[in-house]
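Chemist: Sharing a structure with you now.
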Amino acid sequence: MVLGSDMTEYNPKKIEKKWQRIWEKNKSFESKSDKEKKKFYVLEMFPYPSGNIHMGHLRNYTIGDVIARFYKTNKYNVLHPMGWDSFGMPAENAAIENKTNPKLWTEENIKNMRAQLQSIGLSIDWNREISTCSKEYYKHQQKIFIDLYKKNLIYKKDSYVNWDPVDNTVLANEQVIDGKGWRSGAIVEKRKLSQWFLKITAFAQELLEDLEVLHGWPDKVKLMQKNWIGLSNGVEIKFKVRDIDESISVFTTRPETLFGAAFLGLSVEHQLSDRLDNLEEFKKFKNRCLQTTDRNIDDEKIGFFSGLFAEHPLDENIKIPIYFTNYVLINYGTGAIFGCPAHDERDYEFAQNIGIDFSSVFKNKDSLPYVEKNENDIMQNSEFLDGLSLKEAKKLVVSKIIEQKKGSEKKTYRLRDWGISRQRYWGCPIPIIYSEDGEISTIEESELPVTLPEDIDLSQNGNPLDNHPTWKFVKCKKTNKQAIRETDTLDTFFDSSWYFLRFCSPQNDDKPFDEIETKYWMSVDHYIGGVEHAILHLLYSRFFSRALKKCGYDTPKEPFKKLVTQGMVCHETFKTKEENPKWVNPNNVLTEAGKFYTNDNGKKIDVLKGRSEKMSKSKKNVVDPDSIILKYGADTARLFMISDSPPERDLEWSIDGIKATHKYLNKIYNFLTSNKFNFTTQFDLNKNKLNNDESILYDFLNSVITNYTDDIKNYRFNNAVAKIRELSNKLVKQKITKTLFDYCWSIYLRLFAIITPHFSSELAETAGLKNNLEDIFWPEAEKTSKINDKILIILQVNGKKRGSLTVEKEMSKDDILKILSNSEKYSGIIDNEIKKIIYVPNKIVNFVK
RNA sequence: GCGAGCGUGCUGAAAUUGGUAAACAGACAGGACUUAAAAUCCUGCGGGUGGUAACACCCUUGUGGGUUCAAGUCCCACCGCUCGCACCA
Numbered sequence: 072m073v074l075g076s077d078m079t080e081y082n083p084k085k086i087e088k089k090w091q092r093i094w095e096k097n098k099s100f101e102s103k104s105d106k107e108k109k110k111f112y113v114l115e116m117f118p119y120p121s122g123n124i125h126m127g128h129l130r131n132y133t134i135g136d137v138i139a140r141f142y143k144t145n146k147y148n149v150l151h152p153m154g155w156d157s158f159g160m161p162a163e164n165a166a167i168e169n170k171t172n173p174k175l176w177t178e179e180n181i182k183n184m185r186a187q188l189q190s191i192g193l194s195i196d197w198n199r200e201i202s203t204c205s206k207e208y209y210k211h212q213q214k215i216f217i218d219l220y221k222k223n224l225i226y227k228k229d230s231y232v233n234w235d236p237v238d239n240t241v242l243a244n245e246q247v248i249d250g251k252g253w254r255s256g257a258i259v260e261k262r263k264l265s266q267w268f269l270k271i272t273a274f275a276q277e278l279l280e281d282l283e284v285l286h287g288w289p290d291k292v293k294l295m296q297k298n299w300i301g302l303s304n305g306v307e308i309k310f311k312v313r314d315i316d317e318s319i320s321v322f323t324t325r326p327e328t329l330f331g332a333a334f335l336g337l338s339v340e341h342q343l344s345d346r347l348d349n350l351e352e353f354k355k356f357k358n359r360c361l362q363t364t365d366r367n368i369d370d371e372k373i374g375f376f377s378g379l380f381a382e383h384p385l386d387e388n389i390k391i392p393i394y395f396t397n398y399v400l401i402n403y404g405t406g407a408i409f410g411c412p413a414h415d416e417r418d419y420e421f422a423q424n425i426g427i428d429f430s431s432v433f434k435n436k437d438s439l440p441y442v443e444k445n446e447n448d449i450m451q452n453s454e455f456l457d458g459l460s461l462k463e464a465k466k467l468v469v470s471k472i473i474e475q476k477k478g479s480e481k482k483t484y485r486l487r488d489w490g491i492s493r494q495r496y497w498g499c500p501i502p503i504i505y506s507e508d509g510e511i512s513t514i515e516e517s518e519l520p521v522t523l524p525e526d527i528d529l530s531q532n533g534n535p536l537d538n539h540p541t542w543k544f545v546k547c548k549k550t551n552k553q554a555i556r557e558t559d560t561l562d563t564f565f566d567s568s569w570y571f572l573r574f575c576s577p578q579n580d581d582k583p584f585d586e587i588e589t590k591y592w593m594s595v596d597h598y599i600g601g602v603e604h605a606i607l608h609l610l611y612s613r614f615f616s617r618a619l620k621k622c623g624y625d626t627p628k629e630p631f632k633k634l635v636t637q638g639m640v641c642h643e644t645f646k647t648k649e650e651n652p653k654w655v656n657p658n659n660v661l662t663e664a665g666k667f668y669t670n671d672n673g674k675k676i677d678v679l680k681g682r683s684e685k686m687s688k689s690k691k692n693v694v695d696p697d698s699i700i701l702k703y704g705a706d707t708a709r710l711f712m713i714s715d716s717p718p719e720r721d722l723e724w725s726i727d728g729i730k731a732t733h734k735y736l737n738k739i740y741n742f743l744t745s746n747k748f749n750f751t752t753q754f755d756l757n758k759n760k761l762n763n764d765e766s767i768l769y770d771f772l773n774s775v776i777t778n779y780t781d782d783i784k785n786y787r788f789n790n791a792v793a794k795i796r797e798l799s800n801k802l803v804k805q806k807i808t809k810t811l812f813d814y815c816w817s818i819y820l821r822l823f824a825i826i827t828p829h830f831s832s833e834l835a836e837t838a839g840l841k842n843n844l845e846d847i848f849w850p851e852a853e854k855t856s857k858i859n860d861k862i863l864i865i866l867q868v869n870g871k872k873r874g875s876l877t878v879e880k881e882m883s884k885d886d887i888l889k890i891l892s893n894s895e896k897y898s899g900i901i902d903n904e905i906k907k908i909i910y911v912p913n914k915i916v917n918f919v920k
């Protein structure tokens, strides 16, 4: 294209730097609490500083930024901070690999990623930046730990963990692959360790019930949390063990089948198993059960007879054998069940394996196992219940059990307490010491933080804090006795369960957060992040808010008012055709005659196109956002990220899409620099002076403002982009009066600025705007703007379109019929065969024949 | 196995409370400009029938049924895909 004399070329690199500097200099995005102003807290889930931002970050932060900028121009006091979830294993692993220190590695990464995020042009208040691995952050976290401990919301208990015998460390479930340690390859054992737990189950009911209040959350996420908490209503029943002074409690949701009990099944981790622990046979059995790390539904159900019998709670003459089994979970209910093989598939399978007799307790239901629950089924083989319906039997059994003090009604949750101990170095130290006499005490508040030692040796096996020559040895200040520090560190989910509170007063040295500030800013109005955090992080954060409240902090119960879960960024994948196919980077794939191949040192190798999958290093389909921003600019990248797919859906990455997006910005930039216009916020022309086409355009402009605003508010960014492109397509093509031209393009830039801020700011400045674009109030649509009062009515016969008619708005049915009968084209529609005419004003006339 | 969601052109998608299906894009094809290419601009782009043509008509939202004047949208069944949980007593 020949450049016009006045035209300047679109140079994103130059203008993006320029505007980022201006925003920084003007402190455009710093937020101060201003009680007079309405606040808006936009937060994206903070990143783990792995070294480089990826497309998922780019998408996440673009979405958040559009919202933050939208509310800012709508004159809200916006809080839009950023920080780093900077503790965690990757740093430790990288440190071992690169022979460096996790702290240095993390700090390097943060520096790099901060620069990358800044190059996107995000409207972030960088003054509020926090990092969870900094002393200034974890000092307060240790205080929170102590507060929770004092309120009995943190406790220590023995629990079985995944233990890697080679690396001498505990592994998280996701680090155990096929029963082996992900790094060492050693077979993972279950080992009993004393671990710290957070009592999240104390809030199970509340966390469940309050889901109903979360109107701004996707139903899907709420349902996932509901299922995760997993409430079931049932009865806890005590079975007396014969000959010894013990009883076993079991939980059941089907008390009406109590006379179908053929055995008691106990987890090998049930405390009663201690009695058999010196039996060599049993030890073997127990180990076998414990070794299967991921207890699989396909595992054969095995049992070990305890030698003991229980009494039936409602008939002491019935003797029930007690078995230890591998299919009863210690973590659910009481770790013991009564087995009813006739009416439970698992118990049925077990009874078959062991050879236990059983019979149906429902009349005419002899095809076993019969697991349906039909309220009208009639009982049999159940003593005093015989002849009653299931419904009646249930009621009667429960009342008898309660009456005879053999048990009570109970709610049970699937949710378990949250284990927060990690035998790792790179995490927040737990502020606890153990004196020589075994007493556990918390560190004095004045002595916080307990800092991590920097001179550590990561090359040894096991917990580096435990291995450190001096760190753990201390003297108890209170008793002057020798003591040892807790060497476990906290799970990083602990770090991220309250960071959104810290953002409200990130520099406060005295307290985790200043309650005047949190009172103003909390809750987070919009929280945006990946759906993979639907359960853990979000549930933990909800729990923390409640737990902190119990500790006397003034926090809202629900931290996140509205939750937006964005989809993944996907990209096409290619594989070689070998027997063990290798992934091939799409950039290295060429096409020829509809076939795909790649070049390997001059050799052509055929490859197969796979389906589009989430970008990942292992599938070699990653595209680095940095390179895209460098080549096409941040505005192109931002616009592409939100143009095509709605946020909650997966986004298909396409370089053609990026190119086309860039082409569009280029086109508008060139057009507006060669067709000079003056930026204006006012339309000072008598609307009656507009010609017909112009008044249609003016109406359209107002409809764009309305719809675009609505779309942005509701995260329909792809629709918003479609509207604004429609507007610019019209404006580029149509010849219009200068005043209207100026006004329309000014509106365009104001609307578009939240998506492409550098681009819009630059063009607005070129057009003579002296202030900052983001300080101008969001445009408002003129509600009375319908200069053009015509409307399109669709004509249908039997619901099928037969034509259309342009009429005055709100025209009556009779008037429309009159027009139709006078019309040459449509008079034929109206004949004697019409049975009925359906008229929907301003929309449709349907003739039913 | 249980629970949830989704199936619309070659592709990403759009379609307020049921009311013009395919907006806005991408890919592709043709044309203009050019020695040529790139860039840019213009045109076409779900399928079919008839017509030289403007145009007219028919079909089309995974499959089959239903409700309704009217169904992509609501209801039932089936098929397919995706996600979450998974021995939860």
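My numbering runs 71 ahead of the 1-based position in the first sequence. Even for Gly, the Cβ is constructed at its ideal location relative to N, Cα and C. Quantities reported herein were computed from a predicted structural model and do not represent experimental measurements.
If we call anything under 8 Å between Cβ atoms a contact, is Phe645 one with Leu114?
Modeler: no
Chemist: Can you tell which of Thr203, Gln91, Asn659 and Trp197 has the C-alpha that lies nearest to the C-alpha of Phe564?
Modeler: Thr203
Chemist: So, helix, strand or coil for Trp94, using DSSP?
Modeler: helix
Chemist: Identify the residues that DSSP records as bridge partners of Cys641: which are they?
Modeler: Lys685 and Glu723
Chemist: Once DSSP output is grouped into helix, strand and coil, what is the label at Asp121?
Modeler: Here residue 121 turns out to be Ser, not Asp, going by the sequence shown. If DSSP states are grouped into helix, strand and coil, Ser121 belongs with coil.
Chemist: Thinking just about the alpha-carbon of each residue, which of Ile258, Lys270 and Glu351 is nearest to the one in Gln362?
Modeler: Ile258
Chemist: Spatial neighbours of Leu802 within its chain, please: C-beta separation below 6 Å, excluding the five flanking residues on both sides.
Modeler: Cys815
Chemist: Assign Gly404 to one of three DSSP states: helix, strand, or coil.
Modeler: Taken through DSSP and simplified to helix, strand or coil, Gly404 comes out as coil.
Chemist: Three Cβ pairs or more, each shorter than 8 Å: is that satisfied between the stretch 672-680 and the stretch 701-711?
Modeler: no
Chemist: Assign Ala464 to one of three DSSP states: helix, strand, or coil.
Modeler: helix
Chemist: Pull up the distance between the alpha-carbon of Ala618 and that of Leu278, whole angstroms please.
Modeler: 11 Å
Chemist: Applying the criterion that 16 or more other CB atoms from any shown protein chain within 10 Å of the CB defines a buried residue, is Tyr30 buried or exposed?
Modeler: Residue 30 lies beyond the stretch modelled for the chain, which goes from 72 to 920, so this question has no answer here.
Chemist: Write down the C-beta distance between Val149 and Ile826 rounded to the nearest angstrom, noting that I regard them as a contact closer than 8 Å.
Modeler: Wrong, their Cβ atoms sit about 16 Å apart, outside the cutoff.
Chemist: Mapping DSSP to helix, strand and coil, what is Arg556?
Modeler: In this structure, Arg556 counts as strand in the three-state DSSP scheme.
Chemist: Return the chain-ordered list of same chain residues with a C-beta closer than 7 Å to the C-beta of Pro652, the five sequence neighbours on each side being excluded.
Modeler: These residues qualify, in order along the chain: Lys646.
Chemist: Using the rule of at least 16 other Cβ atoms within 10 Å of the residue's Cβ for burial, across every protein chain shown, is Gln187 buried or exposed?
Modeler: buried
Chemist: Going by DSSP, name the residue or residues bridged to Tyr740.
Modeler: Beta-bridge pairing links Tyr740 to no other residue.
Chemist: Rounded to a whole number of angstroms, what is the C-alpha to C-alpha distance between Val241 and Asp559?
Modeler: 11 Å
Chemist: In angstroms, rounded to a whole number, what distance separates the CA positions of Gly728 and Ser190?
Modeler: 21 Å
Chemist: For Leu634 versus Gly135, is the C-beta spacing smaller than 8 Å?
Modeler: no
Chemist: Which two residues bound the contiguous beta strand (DSSP E) that contains Thr541?
Modeler: Bounds of any beta strand (DSSP E) do not take in Thr541, whose DSSP letter is neither H nor E.
Chemist: So Pro120 packs on Met184, CB below 8 Å; how close in whole Å?
Modeler: A Cβ-Cβ distance of about 6 Å is found for the pair Pro120 and Met184, placing them in contact under the 8 Å criterion.
Chemist: Where DSSP assigns a beta bridge to Ala381, which residues make up the other side?
Modeler: Val312 and Ile391
Chemist: Kindly indicate the opening and closing residues of the beta strand (DSSP E) around Asp235.
Modeler: Per DSSP, Asp235 belongs to the beta strand (DSSP E) from Ile225 to Asp235.
Chemist: Val916 to Lys906, Cα distance in whole Å?
Modeler: Straight-line measurement puts the Cα of Lys906 at about 13 Å from the Cα of Val916.
Chemist: Between Glu765, Phe918, Asn800 and Asp695, which has its C-alpha nearest Phe742's C-alpha?
Modeler: Between Phe742 and the set Glu765, Phe918, Asn800 and Asp695, the nearest pair of CA atoms involves Asn800.
Chemist: Which term fits Pro540, buried or exposed, when burial requires 16 or more other beta carbons within 10 angstroms of its beta carbon?
Modeler: exposed
Chemist: Got a sec? Which residues, its chain only, sit under 6 Å from Ile86 by beta carbon, not counting five neighbours each side?
Modeler: His829 and Glu833
Chemist: Roughly how many angstroms separate the alpha carbons of Asp781 and Phe711, rounded to a whole number?
Modeler: 20 Å
Chemist: Alpha carbon to alpha carbon, what distance is there between Lys620 and Tyr591?
Modeler: 16 Å
Chemist: According to DSSP, simplified to helix, strand and coil, what is Val868?
Modeler: strand
Chemist: Taking all protein chains shown into account, decide if Thr396 is buried (16 or more other Cβ within 10 angstroms of its Cβ) or exposed.
Modeler: buried
Chemist: Within the continuous beta strand (DSSP E) that includes Trp299, where are the two ends?
Modeler: Unbroken run through Trp299 is the alpha helix (DSSP H), Asp290 to Ile300; no beta strand (DSSP E).
Chemist: Since Thr483 and Phe322 are thought to touch, with beta carbons under 8 Å apart, how far apart are those beta carbons, to the nearest angstrom?
Modeler: 5 Å
Chemist: Can you tell me the Cβ-Cβ gap for Leu264 and Ser230, rounded? I've got them flagged as a contact below 8 Å.
Modeler: 7 Å
Chemist: If I measure Cβ to Cβ from Asn198 and keep anything under 7 Å in the same chain, skipping five residues before and after, which residues do I get?
Modeler: So the qualifying residues of the chain are Glu101.
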